[in-house]
Every structure is written in structure tokens, then in C-alpha cells.
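**Q** Dumping the structure here so I can ask a few things about it.
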Amino acid sequence: MTTDEGIVYDRSLLGVETHIGTFELTREMILSFAKSTGETNPRYVGNNNGDGDIVAPPTICNVFVSGVSRPDIKLEFGEISFFAGQSIECKAEIRPGDVLSASTKLDNVYAKTGRSGKMVFAVWETKFRNQDDTTVALVTESFVRRNKNR
Amino acid sequence: MLLDLHTHSVASDDSRATVEQYIKWVNVLRRKGKSIDGFVLTEHRQFDHDKNYASLASDDGIIILKGAELDTDTGHFLVYGISEEITGELDFSDVNMSAQNLVDICDSYGGIAIPAHPGRAGIGFAEYLDGGVTGFETVKSVEQLNGSNRPGEGEKAESLIKAKGYLGTGGSDAHIVSAIGTCMTSFEKEIKNESDLVQELRRGRFTAVRLES
Numbered sequence: 844m845t846t847d848e849g850i851v852y853d854r855s856l857l858g859v860e861t862h863i864g865t866f867e868l869t870r871e872m873i874l875s876f877a878k879s880t881g882e883t884n885p886r887y888v889g890n891n892n893g894d895g896d897i898v899a900p901p902t903i904c905n906v907f908v909s910g911v912s913r914p915d916i917k918l919e920f921g922e923i924s925f926f927a928g929q930s931i932e933c934k935a936e937i938r939p940g941d942v943l944s945a946s947t948k949l950d951n952v953y954a955k956t957g958r959s960g961k962m963v964f965a966v967w968e969t970k971f972r973n974q975d976d977t978t979v980a981l982v983t984e985s986f987v988r989r990n991k992n993r
Numbered sequence: 002m003l004l005d006l007h008t009h010s011v012a013s014d015d016s017r018a019t020v021e022q023y024i025k026w027v028n029v030l031r032r033k034g035k036s037i038d039g040f041v042l043t044e045h046r047q048f049d050h051d052k053n054y055a056s057l058a059s060d061d062g063i064i065i066l067k068g069a070e071l072d073t074d075t076g077h078f079l080v081y082g083i084s085e086e087i088t089g090e091l092d093f094s095d096v097n098m099s100a101q102n103l104v105d106i107c108d109s110y111g112g113i114a115i116p117a118h119p120g121r122a123g124i125g126f127a128e129y130l131d132g133g134v135t136g137f138e139t140v141k142s143v144e145q146l147n148g149s150n151r152p153g154e155g156e157k158a159e160s161l162i163k164a165k166g167y168l169g170t171g172g173s174d175a176h177i178v179s180a181i182g183t184c185m186t187s188f189e190k191e192i193k194n195e196s197d198l199v200q201e202l203r204r205g206r207f208t209a210v211r212l213e214s
């Protein structure tokens, strides 16, 4: 966490959860995701015929956070925005038939200085819960804004 | 005694290296015949008084000390010998903090602040001095060798050192495990703790070195 009086954004969004969607995981979706990532572990792709008990690969929630619409934090800094990284904390197994509910919140906005000058990072945390209200994954994503190189 | 004075662990937001992994890599270097006695963790914009790495390092005889790398209005500074007084006086998370005030506070409370990668654009001390910034009379050393420098940045640091008569430290600026120890500082005296480190830096009994190939 850093402080910078100069960062202007909608601070009322900090920590406020916003529902961003409900996603039903089918067996076909899990198999398709596993194969697309080159997974060969029978735990994720089943036996040679694709049969058998499977769970979803740990990073599957990445599919659902990509492209979701988040609240505009109205950050008044910088001209260039780009993705700055993602981490996924797996809390419980995700199985075929699970219905995941996702909510996201603005976790942090901070500044630092690097080779390209000042950068402002916005960190979002998205929580996925299953139909039993068990948290199955926490996805943390960072987005950075900076000025164009002069 | 060889210490890497500039490293970042997972406590920094841009590093994925754990302290345990750094220790393992130091042991790998030693098995290859390289000399490295320890390193200083200089996390970005923070300092944790409660973290203690003594138990991690004691089995391997590796010295692990703590410092910080702070963003200031005159570039990044490495800070050693951080006391409760220093963290009480300064907001380490302030990316616009006054570098002159940082230096003065460290001078007053037993620490020392040294410009990091001074030849780097935007966050290096030399650019600010070139731009007319004055003061900093008590700064006697800058980071001469930085393992993460890009072409030209080391040369600019050398020019600054030559022009101002500064002494030079060395540090890898490691953010990944295999980078640790690429640049270090060679001390004449043994360093056992942060107090020893500050004392030897102030006495100027050190030189910047690269890991021998």
C-alpha cells in the first residue's frame, strides 16, 4: 500500500462488492478448458475416453474474469492502461455442475515510480462462490495506468 | 566480506522470489565456488520491524539483513539501519517524499540513505542533479553497480561518481531468484547486523564488485 495525495479516483468503490455474474460449469466446459491449456492429468481430463470423475483445473476462473465489466473508478491519471498481472488462490475444488457466483471489489489503488515514471495500480479482487456458498477461488488482478513516454 | 545490498522478495509487489529461495540460490552459487556472504532485503516502500530471518539463515551461515528502497522526489534511495525513530518520522509509502528530508532523518537516527541506480532515467539521482537539484551534502555514496541496469545506466552512474567523488556500493536489485549476488559490496570488516552495516558504509571501507565469472 502506498499513499499519494495526488491520486484522484472514486474512493467510495474501495471494498464494495459488485456482483459480476453467475456461471454454470459443465463437464464439457471443464474438458475443453483443460485440453486448451495442454492438460493431460486424468484428474482434469478423465480417462482415455474422457470419462470418469473430474475436477476443474485450478485456473479455470480466469475464463470468467476476462472481459467482465467493472465499475469505473474514475481515475484521473495517465493516458495508457494495461494489464499488470493476475493471481488465483484456489480455495476449494470446482466440479461439473457447480454454479459459481462471482463478485468483485476494488481492493487497492496505489502509486509507485519506475523507469517510465509514475504509475498508478488498481487492484481488483474477485471472489467465486459455489451453490453451497463455499468460496472456491479468489482472483486478484492488477491494472496499471501511466503517462505516455515523452 | 561480500554482501548484496539490494534485493527484493515477495514482500515487494514486483518480485516473486521468496527469502528461502534466495538462500537456496546462494548455496548453489557457493557450491559453484562463488563467494557471497549474505544479502540485504530492500523491499519497495516498506519496512517490517517484526520480520526476523535469523533462523532461516543461521544453518547456512548466510547473513540476511533488512533495509528498504524508497521512492522520493529525487529518485529511489536505499535505506539501511532503519530504526523505530526513522519509520516514525517518515511515511515509507509516500512516493513523493522529500529525499533531502529522508537523508537528514537517517543521519539523525543512525541510518543511512544511498541513491539507488543513480544513472537510471526518471528514478535515478544523477538526472535530478543534472536538472539543478542541490543539497545532499551528507550523501557520500551512491549505488555504483546495479545488476538490473540497462545499457548506459551504469556509465551514467560512473560519471556521477567521478564528478562528485562519491564512493560506490553494489547490489543485484534482484527480483528473481537467479539474479541475487550479480553485484555486491565488498567490506573490509565483518558485518553482523544492520548497525555494523551502517558503520562501515559511513566509514567508507567498501568497494562495489561483480560476481566473479
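Quick mapping for you: the protein sequence lines, in order, are chains F and H.
Residue 957 in this note's numbering sits at position 114 of the first sequence, and the numbers go up by one each step.
Residue 63 in this note's numbering sits at position 62 of the second sequence, and the numbers go up by one each step.
The beta carbon of each residue, even a glycine, is placed where N, CA and C say it ideally should be.
Can you check DSSP and say which residues form a bridge with F/Ala-980?
**A** The residue given as residue 980 of chain F occupies position 137 in the first sequence. DSSP lists F/Cys-933 and F/Phe-971 as partners of F/Ala-980.
**Q** Please classify F/Met-844: does DSSP put it in a helix, a strand, or coil?
**A** By 1-based counting over the first sequence, the position of residue 844 of chain F is 1. Its pLDDT being 44, under 50, F/Met-844 is placed unreliably in this model, and the value from its coordinates should be taken loosely. Coil.
**Q** Hey, which unbroken runs of the alpha helix (DSSP H) at 4 residues or more fall wholly within the stretch 116-189 of chain H?
**A** 126-131 and 154-165
**Q** Run down chain H in chain order and give the residues with a C-beta less than 8 Å from the C-beta of F/Gly-957.
**A** Stepping through the first sequence from its first residue, residue 957 of chain F is reached at position 114. Under the 8 Å cutoff, chain H gives Gly-123 and Ile-124.
**Q** Return yes when the Cβ of H/Ala-117 is within less than 9 Å of the Cβ of H/Phe-78, no when it is not.
**A** Within the second sequence, the letter at position 77 stands for residue 78 of chain H. Within the second sequence, the letter at position 116 stands for residue 117 of chain H. It is a contact, given that the beta carbons lie within the stated cut-off.
**Q** Can you look up H/Ser-13 in the DSSP assignment and give me helix, strand or coil?
**A** Stepping through the second sequence from its first residue, residue 13 of chain H is reached at position 12. In the structure shown, H/Ser-13 sits in coil (DSSP, three-state: anything other than H, G, I, E or B).
**Q** Check whether chain F comes within 9 Å of H/Asp-1, counting only Cβ atoms and requiring the distance to be less than that.
**A** In this structure chain H extends from 2 to 214, so residue 1 of chain H is not present and cannot be described.
**Q** By DSSP, does F/Thr-880 sit in helix, in strand, or in coil?
**A** Here residue 880 of chain F refers to the residue found at position 37 when the first sequence is read from its first residue. In the structure shown, F/Thr-880 sits in coil (DSSP, three-state: anything other than H, G, I, E or B).
**Q** Name the DSSP bridge partner or partners of F/Val-888?
**A** For the purposes of this step, residue 888 of chain F is identified with residue 45 of the first sequence, where counting begins at 1. DSSP lists no partner for F/Val-888.
**Q** Are the CB atoms of F/Ala-965 and F/Arg-988 within a distance shorter than 9 Å?
**A** The sequence position of residue 988 of chain F within the first sequence is 145, counting from 1. The sequence position of residue 965 of chain F within the first sequence is 122, counting from 1. Their beta carbons are under 9 Å apart, which means F/Arg-988 touches F/Ala-965 by this criterion.
**Q** Check the DSSP bridge columns for H/Ala-209 and list the partner residues they point to.
**A** Position 208 of the second sequence, counted from the first residue, corresponds to residue 209 of chain H. Partner(s): H/Thr-186.
**Q** Does F/Val-963 pass the burial test, meaning 16 or more other C-beta atoms within 10 Å, or should it be called exposed?
**A** Along the first sequence, read from residue 1 onward, the residue named residue 963 of chain F stands at position 120. That one is buried.
**Q** Which stretch, first to last residue, makes up the beta strand (DSSP E) that contains F/Asn-951?
**A** By 1-based counting over the first sequence, the position of residue 951 of chain F is 108. Per DSSP, F/Asn-951 belongs to the beta strand (DSSP E) from 942-957.
**Q** Under a three-way DSSP split, which group does H/Ala-69 fall into?
**A** The residue given as residue 69 of chain H occupies position 68 in the second sequence. Looking at H/Ala-69 - three-state DSSP - the assignment turns out to be strand.
**Q** Among H/Arg-206, H/Ser-179 and H/Glu-189, whose alpha-carbon lies nearest the alpha-carbon of H/Ser-149?
**A** Taking the first residue of the second sequence as 1, we reach residue 149 of chain H at position 148. Of H/Arg-206, H/Ser-179 and H/Glu-189, the residue nearest in Cα terms is H/Ser-179.
**Q** Roughly how many angstroms separate the alpha carbons of H/Ser-196 and H/Lys-67, rounded to a whole number?
**A** Looking up residue 196 of chain H in the second sequence gives position 195. Looking up residue 67 of chain H in the second sequence gives position 66. So the alpha carbons of these two residues sit roughly 11 Å apart.
**Q** Return helix, strand or coil for H/Val-199, following the three-state DSSP convention.
**A** Taking the first residue of the second sequence as position 1, residue 199 of chain H is located at position 198. The answer is helix: DSSP assigns H/Val-199 an H, G or I state.
**Q** Give a yes or no on whether 9 Å exceeds the smallest Cβ distance from F/Phe-964 to chain H.
**A** On the first sequence, residue 964 of chain F is found 121 positions in, with the first residue counted as 1. So yes, F/Phe-964 belongs to the interface.
**Q** Taking its Cβ as the centre, do 16 or more other Cβ atoms sit within 10 Å of F/Met-844, making it buried, or is it exposed?
**A** Mapped onto the first sequence, residue 844 of chain F falls at position 1. Summary for F/Met-844: the model assigns pLDDT 44, below 50, so the residue's position carries little reliability, and this model does not support an answer.
**Q** Using Cβ-Cβ distances below 7 Å, what residues of the stretch 903-927 of chain F are close to chain H?
**A** none
**Q** For the stretch 137-145 of chain H and the stretch 105-116 of chain H, state whether three or more C-beta atom pairs, one from each stretch, are separated by less than 8 Å.
**A** yes
**Q** So what's F/Ile-863 in DSSP terms, helix, strand or just coil?
**A** Start at 1 with the first residue of the first sequence, and residue 863 of chain F comes out as number 20. Here F/Ile-863 sits in strand by DSSP.
**Q** Do we get a CB-CB distance below 9 Å when we pair H/Val-134 with the residues of chain F?
**A** By 1-based counting over the second sequence, the position of residue 134 of chain H is 133. So no, H/Val-134 is outside the interface.
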